[in-house]
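Enquirer: Residue numbers (the numbering used here): 5 to 546. Each residue gets a CB set at the ideal place from its N, CA and C atoms; glycine is no exception.
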């Protein structure tokens with residue numbers, strides 16, 4: 005059973021230190037509220053019910069004894085603990101009259117305060133009957149270390165489970181894929197519903213959320229293998245399709261209720277040390293033995309493949325073969341895979357340096373860090389990482405010589421599109437910063453300035469056609485906001501779009517030579533329209 009606590013003390017620094025110092029989860033305190041005066045505490049308790057109140061005695065605007073008196077009059081069952089700097093017997097005596105659980109003195113060690121709160125939690129357990137809580141809460145307490153094996157076994161019997169009841173534990177870990185936004189609908193209800201919809205209902209006993217990315221499935225274990233590979237892989241694929249994130253599974257071995265704690269500890273070790281395979285599955289029997297000897301990889305062969313010409317598909321295939329060989333012979337640990345990835349990164353960095361480039365030139369450091377972190381989550385993710393980074397290296401090799409020409413031409417051909425620096429950098433396999441530097445060096449202006457210039461030049465051309473509405477002109481050169489387009493056009497030409505169109509419709513050859521230099525000259529160069537009329541048109545266009 006989970007509980008809540010309200011800390012009432014006017015010393016804000018002390019309250020914040022207290023919130024961070026205590027292991028609230030182990031105490032099964034899931035909600036920690038704060039108030040900094042008696043008045044604030046009473047206002048809060050009038051609207052929100054809590055299980056425990058931890059309060060000081062002397063505070064501005066009233067003391068803790070007044071708060072205790074109000075609590076007893078309005079919330080008789082609420083448990084209270086006094087934590088004060090005052091050791092006077094009269095204070096303690098008055099507090100005890102209000103049936104406080106304990107009167108503690110500051111300063112106090114975190115362990116001592118935790119022991120007192122734990123004792124109060126035990127009183128609440130006894131009063132409310134913990135066995136009435138859902139089975140999920142009992143398992144959550146075990147996974148959090150808040151209940152010992154003997155207590156767990158005893159409580160489990162109240163849910164119809166005996167000490168010898170067979171079960172198995174499955175840990176699911178959800179991992180965002182770099183470059184793909186986390187779905188806006190992702191959250192606790194969606195994940196729980198997906199698991200309930202897609203899991204084998206005959207085997208599933210309960211579902212426990214450990215965090216936003218880690219979920220536990222406790223299953224009945226009837227057969228020898230509690231998690232057959234093929235159905236489990238199909239389940240992961242279905243959940244992944246529903247959620248939009250990579251899903252990895254860590255399979256605990258079959259055991260009994262009486263072995264629940266040791267089973268959970270073994271599963272934690274599996275998650276800590278083992279990398280899920282190409283199907284995103286790690287099983288208890290997969291836990292590799294620790295080996296001090298570092299494995300060597302065929303780097304000489306890979307380097308020869310890298311410096312050659314043509315696609316890097318042969319190199320990628322060789323790397324994946326080596327990954328499969330290691331998996332078959334000794335298995336991948338997290339540490340071993342990390343070393344492997346760093347070895348590959350160093351090889352690529354050395355290759356790029358030989359071409360007067362660096363890894364930072366072809367992929368942004370933040371993006372690369374995300375890719376590398378993702379790569380360790382499973383061998384499937386590692387294969388994705390190798391394919392991705394080799395594709396970037398191959399692209400940079402093919403595009404380096406004409407990268408800026410490619411970017412300029414793409415801009416001219418796609419002025420109506422969202423020409424972000426990130427998109428253009430990916431087009432030529434460069435990092436954003438490196439593209440900006442190279443572009444400035446080659447063209448003599450910044451990338452945004454070049455895009456704006458080409459858009460305005462195209463807009464001027466389109467405005468010469470009276471049948472194209474100005475709003476459409478804005479859209480065709482990449483501006484969805486007409487006001488912003490009009491301002492940018494005016495800053496660039498000295499004219500609003502309407503003025504420019506009027507000038508080209510009615511101006512003379514002389515006035516077209518230097519547009520924007522003399523507005524009155526433009527007004528005089530509009531035969532057939534009075535000055536007042538043209539001025540009115542210009543004013544309306546602003």
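#1: Runs of 4 residues minimum, wholly inside the segment 7-58: which ones carry the alpha helix (DSSP H) assignment?
#2: Can you tell me whether residue 450 is buried or exposed, with buried defined as 16 or more other CB within 10 angstroms of its CB?
#3: Could you check where the beta strand (DSSP E) with residue 368 kicks off and where it finishes?
#4: So, using beta-carbon positions, are residue 89 and residue 110 closer together than 7 Å?
#5: Under 7 Å, do residue 475 and residue 486 count as touching if we go by C-beta distance?
#6: Taking the CB atoms as reference points, tell me whether residue 85 and residue 106 lie closer together than 7 Å.
#7: With the cut-off set at 7 Å, would you say residue 230 and residue 172 are in Cβ contact?
#8: Tell me residue 252's beta-bridge partners as DSSP assigns them.
#9: Tell me whether the segment 458-471 and the segment 498-511 touch, counting them as touching only if at least three CB pairs, one residue from each stretch, are closer than 8 Å.
#10: Residues bridged to residue 420 by DSSP?
#11: Please work out which residues of its chain come closer than 6 Å, Cβ to Cβ, to residue 12, disregarding the five sequence neighbours upstream and downstream, and give them in chain order.
#12: Please determine, among 479, 205, 410 and 199, the residue with the shortest C-alpha to C-alpha distance to residue 430.
#13: Apart from the five residues just before and just after residue 303, which ones in its own chain have a Cβ nearer than 8 Å to its Cβ?
#14: Between which two residues does the alpha helix (DSSP H) carrying residue 488 extend?
#15: If you drop the 5 nearest sequence neighbours on each side, which residues of the same chain put their C-beta closer than 7 Å to that of residue 70?
#16: Rounded to whole angstroms, what's the CA-CA distance from residue 325 to residue 332? Just pull it up for me.
#17: Leaving out five residues on either side along the sequence, give the residues of the same chain with a beta carbon under 7 Å from the beta carbon of residue 417.
#18: Is the beta carbon of residue 243 closer than 7 Å to that of residue 202?
#19: Is it buried or exposed, residue 7, if we count other Cβ atoms within 10 angstroms and call 16 or more buried?
#20: Does the contact criterion of 3 or more C-beta pairs under 8 Å hold for the segment 47-66 versus the segment 75-85?
#21: Which residue's Cα is closest to the Cα of residue 118: 33, 51 and 166?
#22: Taking the DSSP output, what are the residues bridged to residue 219?
#23: Can you tell me which of the three DSSP states residue 105 falls into?
#24: Inspect the beta-carbon positions of residue 176 and residue 245 and report whether they are closer than 7 Å.
#25: Between residue 489 and residue 395, what straight-line distance do the alpha-carbon atoms span, to the nearest angstrom?
#26: Between residue 129 and residue 23, what straight-line distance do the alpha-carbon atoms span, to the nearest angstrom?
#27: On a Cα-Cα basis, can you pick out the residue from 236, 194 and 101 that is closest to residue 72?
#28: Just mark residue 426 as buried or exposed, buried being the case when its beta carbon has 16 or more other beta carbons within 10 Å.
#29: With which residues is residue 86 paired in a DSSP beta bridge?
#30: Quick check on DSSP: helix, strand or coil for residue 81?
#31: Mind checking which residues open and close the beta strand (DSSP E) that includes residue 286?
#32: According to the neighbour-count rule (16 or more other Cβ atoms, all chains shown, within 10 Å of its Cβ), is residue 596 buried or exposed?
#33: Would you kindly check if the distance between the Cβ of residue 463 and the Cβ of residue 477 is under 7 Å?
#34: In the DSSP assignment, what residue or residues form a beta bridge with residue 260?
#35: When you compare the CB positions of residue 555 and residue 224, do they come within less than 7 Å of one another, or not?
Expert: According to the structure shown:
#1: 16-25 and 42-51
#2: exposed
#3: No beta strand (DSSP E) contains residue 368, which DSSP labels as neither H nor E.
#4: yes
#5: yes
#6: yes
#7: yes
#8: 177
#9: yes
#10: Its beta-bridge partners do not exist; DSSP assigns none.
#11: 39, 45 and 59
#12: 410
#13: 347 and 351
#14: 486-497
#15: 42
#16: 11 Å
#17: none
#18: yes
#19: buried
#20: yes
#21: 33
#22: 176 and 213
#23: coil
#24: no
#25: 37 Å
#26: 23 Å
#27: 101
#28: exposed
#29: 59 and 107
#30: coil
#31: 285-287
#32: It is not possible to answer for residue 596, since the shown part of the chain is limited to 5 through 546.
#33: yes
#34: 170
#35: One cannot answer for residue 555 here, as it falls past the ends of the chain, which runs 5 to 546.
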